[in-house]
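Number of protein chains: 2
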Amino acid sequence: MKLASLSDYLLLRINRPPSKAGPGKGRAAAGRESTATKSSRTGKTAAAVPVNRQIYQLIREAILAHTLPAGMQLPSSRDLATELGTSRNTVTYAYEQLLAEGYLESRTGAGTFVADTAPDQMPDAVERKEPLTDPSGKSELSARGALLTRQAGVGERQWGAFMPGVPDVTCVPYKIWGRLQNKHWRRSNSDLLTYGPGAGYAGLREQIAEYLRVARSVNCTASQVLITTGIHQSIDIVVKLLGEHGDTAWVEDPCYWGTRSVLNSLGIQSVPIAVDQEGMRMRLANLRRPPRFICTTPSHQYPLGMVMSLSRRRMLLEYAATHKVWIIEDDYDSEFRYGGRPLASLQGMDTQDRVLYMGTFSKIMFPGLRIGFLVVPESLSRAFATGIAELYRNGQVFLQATLADFMAEGHFASHIRKMRVLYAERLQLLQQAINRHFGEKMTITGGEAGLHLVLGLPQECDDVLICEQALAAGIVVRPLSRYYMHARGARRGLLLGYASVPNDEIARAFDKLAAVIKPHLA
Amino acid sequence: MKLASLSDYLLLRINRPPSKAGPGKGRAAAGRESTATKSSRTGKTAAAVPVNRQIYQLIREAILAHTLPAGMQLPSSRDLATELGTSRNTVTYAYEQLLAEGYLESRTGAGTFVADTAPDQMPDAVERKEPLTDPSGKSELSARGALLTRQAGVGERQWGAFMPGVPDVTCVPYKIWGRLQNKHWRRSNSDLLTYGPGAGYAGLREQIAEYLRVARSVNCTASQVLITTGIHQSIDIVVKLLGEHGDTAWVEDPCYWGTRSVLNSLGIQSVPIAVDQEGMRMRLANLRRPPRFICTTPSHQYPLGMVMSLSRRRMLLEYAATHKVWIIEDDYDSEFRYGGRPLASLQGMDTQDRVLYMGTFSKIMFPGLRIGFLVVPESLSRAFATGIAELYRNGQVFLQATLADFMAEGHFASHIRKMRVLYAERLQLLQQAINRHFGEKMTITGGEAGLHLVLGLPQECDDVLICEQALAAGIVVRPLSRYYMHARGARRGLLLGYASVPNDEIARAFDKLAAVIKPHLA
């Protein structure tokens, strides 16, 4: 390629910037990145890329496309600059970058040449790669990945009536929170801004241990408490440290979709265990094959809301001890029990160190906080701290420190009390709205605690369809049947979250929902 | 058990609180939780537990210990209150909680009785549970868990000279950051405080896409950018969506310990690929068996620092396209290239959509931020957004929004420029210190970019021992040999991070380190 043709190639394509961002000087170029960033937000991206950068990119493309063949000599930076009517620095910058990245090579005295970047030899005989595992062939997801995305339970919308499992984040005392947060920011303490200790911020672990001992009869010291980003990560680390690919886990049926998805993603086979009024009801067939894990929500079954009976609790504990099974107790929202105090944890009854107790601040504070905790037997706490640091490299100690202060100053306890009263009102308003529309002929379950209730529907109703229609009407609800492992035999109903809905909107929102439901009852 | 004996049992054990926290009223009890929290921080935990709570706990323990047998009748709340010299409410509260939790049952007219909480029948014949997989038998970790904790690369300390891979977090413009953060807090926007969209905050995805296009020649739109909590989570989701348990991955040898640990934890077998001056050097034996993943750091090999040559890059891309291999490009710190501009990404050369490009803000901003990103082919972006939401339930949109503003206002670009200059100084100071002590006889590699350099040691040196001795002397360094898959044949050396060490401390800190090293050279 002659100089003329190279300069033509470039002249045709270079996009001249507004004069202020004229030809660039190598070192100053970085400066223009930010100009680029800003001006391009007003749509003028191309114009904002400095000329030196454009020359670099265009020559690079030409080399990759073999338009500029290996071994070809490039014009001197001076000649090219003249041709392009730009400063020599502009061209020099482009050449230097291309040299640094190996597209060009300069032979002293001889000039600048296109480097030979042909790939190394490829082997002739190569093992057949097993076919892509997604049958559809449309995507290249693995079987595991395809299953995960196909069965995903997570919803499109995360806010609005009646989004289940979401607290009223607008009630967070964010002025107080902000003050505590700023206190730590002003200090800009290195320990708060770098990677966190695997177990989490010590001050927060102490606050949590104290809170759990008093409010949940959890039997623990701060050294057994590990900070995670929530239930999902807590389950992930438990399985990775205590389980093997191919192990089985008992999960309540119905249960939280997230639990099943995390287990699946780790190669743990979920065995559905039906629940009755006393919680998990194991069949003899189940009991004869001890799993590695038992995932349960004894204080407030998710999503149906019953409390596991004492005899079932004792039985699970005995069974776990005898067969070395790990019980994963998910106590996700039982702060909010309207009939009285939260119930004691299963962990608190465990004398054999078989229970891994987990909770989250998502429901009490706000979901976006992403702080949860895991209480493990003393003998495992060190291994868990190491595993968490190694696998997740958690940080955000500044948030953990803020939360610790928030608890130590008593704001946490009072926020819970305040929310408990508010949510009780909203629960009542929702129940009234339901009765107004459907009288007593609709069963409401799970209304003693938590952030949602379940509105039972006749088995012939398609609760998935109802939810789609509701969403179209601007109402977020979740179909109960989707929480079961198999659609067949799944109970039909709707999960209605009331916690995040302002009192004065509940009735109106439910009117809309009722209008969607009624045709299905006819 | 007679009334007398029950009241004696209780009287003996009840711990009377300071008068201010007298006998409790059920509803108000929660209030005293916070009192408990606070006063107990001054060590008086027991005293701080309200009497009603203590009575509840003591009776509960007695029932669990069968001291109070099933079917036994309890004294009336009035009688017991008199015996204990406490208010009746106090006893009523305890009874109610025990009734709610199923420890007691009240037979109308008859009174309150200890419930029968004997466990359900257990099955006789139960399958033998496979023995615990940890050979040592000391812990109950799974084989996977035992391996993970045994080989953990994460260090005890996360800060101080010469901690590798950590930026100077004290230079973060935290006033600006705090201002932007507070702007969002004041609004207390629900969308920022609840669960985040799977792909992350749209505004941040746009900023990142723009930045990567300009600074790294990454070929992407915002829709291909997904926000994660960092490299670890990015690898985790890639493997879970695109890989199967038992797949193999090529990893550079040496490489970042976190990459190998995350792969192991997911059942992916790592195949070590030696690196030379051009980066990964595949043997024919490797090429004949295509892996599912190739993990590489082409812009700045970790930890040795070389740049992958163009011919190797093209070869990897051709190979990946031919054999449907996924290339995981980890571009963790190449913002900081002191000789010039950052190098173009491998992703930018990929025309076949085989590269998954990942980066993090840990090195540019601060590690505790835990915000990273993943750029995937357009065809996969939706699946990844779903997978991330389903498996991690990420949130912290308020932090993502703050970062987006930080970038949009140009603070990000200028922070990089400022740090690049500062780190270049520190690199030079460290190199001078090394030369002062060891002249030219020590090889220094990886000093062209990033946050650390590698000080080569004679093969007969025990770099692990040197690091232990250094830590004892207050200096954090990492042994190069630990970054290799197998100790045998591993090169000996020390990773020295200079970025987080104040200029005026570098020489003194290295003096200490040199004093530790010298005896090993004799």
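Note that the protein sequences, when read in sequence, are chains A and B. Here the UniProt record's numbering is used: the first residue of the first sequence is 1, the next is one more, and so on. Here the UniProt record's numbering is used: the first residue of the second sequence is 1, the next is one more, and so on. From the three backbone atoms N, C-alpha and C, an ideal C-beta is built for every residue, glycine too.
DSSP three-state assignment for residue i, whether helix, strand or coil
i                      : result
residue 172 of chain B : coil
residue 184 of chain A : helix
residue 30 of chain A  : Unreliable placement is indicated for residue 30 of chain A, whose pLDDT of 39 sits below 50; no coordinate value is reported for it.
residue 235 of chain B : helix
residue 159 of chain A : coil
residue 106 of chain A : strand
residue 7 of chain A   : helix
residue 280 of chain A : strand
residue 448 of chain A : coil
residue 381 of chain A : helix
residue 483 of chain A : helix
residue 203 of chain A : helix
residue 352 of chain B : coil
residue 519 of chain B : helix
C-beta atoms of residue i and residue j nearer than 8 Å
i                      : j                      : result
residue 363 of chain A : residue 167 of chain A : yes
residue 391 of chain A : residue 217 of chain B : no
residue 482 of chain B : residue 464 of chain B : yes
residue 335 of chain A : residue 312 of chain A : no
residue 81 of chain B  : residue 59 of chain B  : no
residue 229 of chain B : residue 387 of chain B : no
residue 458 of chain B : residue 467 of chain B : no
residue 145 of chain B : residue 180 of chain A : no
residue 104 of chain B : residue 403 of chain B : no
residue 52 of chain B  : residue 112 of chain B : no
residue 212 of chain B : residue 401 of chain B : no
residue 321 of chain A : residue 293 of chain A : no
Buried or exposed (CB count within 10 angstroms, at least 16 for buried), residue i
i                      : result
residue 518 of chain A : exposed
residue 101 of chain A : buried
residue 15 of chain A  : exposed
residue 29 of chain A  : At residue 29 of chain A the pLDDT is 40, less than 50, meaning the model places this residue with poor confidence; the figure from the coordinates comes in the next sentence. With 16 or more other Cβ atoms within 10 Å, it is buried.
residue 233 of chain B : buried
residue 310 of chain B : buried
residue 70 of chain B  : exposed
residue 300 of chain B : buried
residue 286 of chain A : buried
residue 330 of chain B : buried
residue 66 of chain A  : exposed
residue 432 of chain B : exposed
residue 117 of chain A : buried
Chain A residues whose Cβ lies nearer than 7 Å to that of residue i
i                      : result
residue 144 of chain B : 240 and 244
residue 397 of chain B : 368
residue 158 of chain B : 194 and 195
6 Å CB neighbourhood of residue i in its chain, flanking five on each side removed
i                      : result
residue 384 of chain B : 226 and 376
residue 370 of chain A : 229 and 230
residue 176 of chain A : 411
residue 446 of chain B : 304, 305, 453 and 454
Within chain A, the residues that residue i reaches when beta carbons sit closer than 8 Å
i                      : result
residue 234 of chain B : None at all; the shortest Cβ gap to chain A is about 12 Å.
residue 182 of chain B : 178 and 182
Cutoff 7 Å; reference residue i; Cβ partners in own chain excluding five residues on either side
i                      : result
residue 195 of chain A : 393 and 395
residue 501 of chain B : 161, 162, 426 and 509
residue 360 of chain B : 230, 231, 332 and 372
residue 416 of chain A : 335 and 364
residue 282 of chain B : 273
Chain B contact residues for residue i, given Cβ-Cβ distances below 8 Å
i                      : result
residue 169 of chain A : 188, 190, 193 and 194
residue 447 of chain A : Those within 8 Å of residue 447 of chain A in chain B number zero; the least Cβ separation is about 15 Å.
residue 488 of chain A : The contacting residues do not exist; residue 488 of chain A stays about 23 Å from chain B at best.
Own chain residues within Cβ distance below 8 Å of residue i, not counting five before or after
i                      : result
residue 221 of chain A : 209 and 378
residue 506 of chain B : 161, 426, 429, 430, 433 and 498
residue 516 of chain B : 466, 469, 470, 473 and 475
Listed by chain order, chain B residues near residue i by CB distance under 7 Å
i                      : result
residue 230 of chain A : 393
residue 5 of chain A   : Chain B residues near residue 5 of chain A: none, gap ~23 Å exceeds 7 Å.
Residues that residue i contacts on chain B, provided the C-beta gap is smaller than 9 Å
i                      : result
residue 508 of chain A : The contacting residues do not exist; residue 508 of chain A stays about 18 Å from chain B at best.
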